[in-house]
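To keep things clear, I will list the structure first and then write my remarks on it.
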Amino acid sequence: MKQRPVFLETDKLYFSQFIESDFTEKIPFWYSDKEVTQFLSRGTLPPLPALLKNDFDQLKQQNSEIQFAIMDKKTHQIIGLVGLHSINWLSRHAEFRILIGEKKFWGKGYGAQACELCVAYGFEALNMNKIWLGVNTENQKAFESYRRVGFKPEGVLRQELFKNGRYFDIARMSLLTAEYKKTKTDWSTLKWIKKQYPA
Ligand SMILES: CC(C)(COP(=O)(O)OP(=O)(O)OC[C@H]1O[C@@H](n2cnc3c(N)ncnc32)[C@H](O)[C@@H]1OP(=O)(O)O)[C@@H](O)C(=O)NCCC(=O)NCCS
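Start counting the sequence shown at 421; every next residue gets the next number (the numbering used here).
Here you go:
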């Protein structure tokens, strides 16, 4: 597969832009996969490619949403999406979201690396003070991976998500800029982050 422009990178992956076929040949399949969307609000409404594309076009114009394609460095295939949403430029906080849609890449460290890189981008490039996220309390894998990166629980939103006939609680987690400076010293991606953000 053809390499796309490398915006940011680690040893396993890079962040790049989306291309037209992502919206027809990849993302709708991920959003339709019950295993991928098991703990997410995604997967309830049908993922129409035209609407997906429209979503992403709006993201580009809004200045409050930044989304990257996660690319596998070896094969140059798109494996997921990662980004910062609801960016508040005054209070300097943003919501982190990630989805690795190619299931064969699960459990191999791609999620953790993409999370670290996107968080570093938020603090180093966008001057955020806080990055927060919402995670289904039953999504053990995601909760554990965020805890490992350094996110701390802030509280639980009770029965926040209705999915397939029942409600789920959503945990809010966050990482502050001062905490980021400490926790990144334990990250496997530290070398790559320092290379791209030497200050
Ligand atoms: C959640 C997700 C991002 C994790 O990415 P991943 O590449 O599978 O995870 P990683 O391999 O980087 O693992 C990171 C950490 O998660 C934890 N983890 C991974 N697999 C796990 C499992 N099966 N059970 C429990 N914890 C697990 C481990 O702590 C791991 O760290 P370690 O490898 O140092 O032990 C990815 O699986 C995904 O996108 N799932 C579908 C969508 C989703 O749930 N998104 C999150 C919404 S909040």
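Positions of the beta carbon are idealized from the N, C-alpha and C atoms, including for glycine.
These numbers were taken from a predicted model, which means no experiment stands behind them.
Member of the options whose CA lies at the smallest distance from the CA of residue i
i	options	result
R462	R517, S608, K604 and A619	R517
W509	M548, K611 and D492	M548
N474	G503, F438 and W450	F438
H496	K528, Q616 and Q423	Q423
S594	H513, G527 and Y541	H513
K494	F443, K602, Y434 and Y600	Y434
W526	S452, P618 and V456	V456
I490	G503, L546 and N483	G503
Q487	E515, K454 and S511	E515
E544	D442, Y566 and Q616	Q616
K528	K454, D442 and K561	K561
Residues near residue i by beta carbon distance below 8 Å, same chain, minus five either side
i	result
E580	G554, Y587, F588, D589 and I590
V569	A532, C535, E536, V539, L595, T603 and W607
Close Cβ partners of residue i (< 6 Å) along its chain, the five nearest in sequence each way excluded
i	result
F563	V555
V426	Y434
L519	G500 and L501
E522	I499
Y566	M593
Residue-level contact to chain C via CB, residue i, 7 Å cutoff
i	result
I518	Here there is only one protein chain, and chain C is not present.
Burial state of residue i, where buried means 16 or more other Cβ atoms lie within 10 Å
i	result
F582	exposed
V576	exposed
F449	exposed
A598	exposed
T464	exposed
G430	According to the sequence provided, residue 430 is Thr. The question's Gly does not apply to it. Buried: at least 16 other Cβ atoms inside 10 Å.
K524	exposed
M421	exposed
D477	exposed
T444	exposed
E440	exposed
S436	buried
K601	exposed
K446	buried
Distance between beta carbons of residue j and residue i, contact taken as under 8 Å
i	j	result
E558	F459	6 Å
Cutoff 7 Å; reference residue i; Cβ partners in own chain excluding five residues on either side
i	result
Y541	L428
T609	T430, Q533, E536 and L537
S506	S484, A514 and E515
> For the stretch 505-563, which segments carrying the alpha helix (DSSP H) assignment without a break, of at least 4 residues, lie completely within its bounds, in sequence order?
Replying inline: 530-540
> Which ranges would you report for the alpha helix (DSSP H) in the stretch 428-485 if only whole runs of at least 4 residues count?
Replying inline: 447-452 and 469-482
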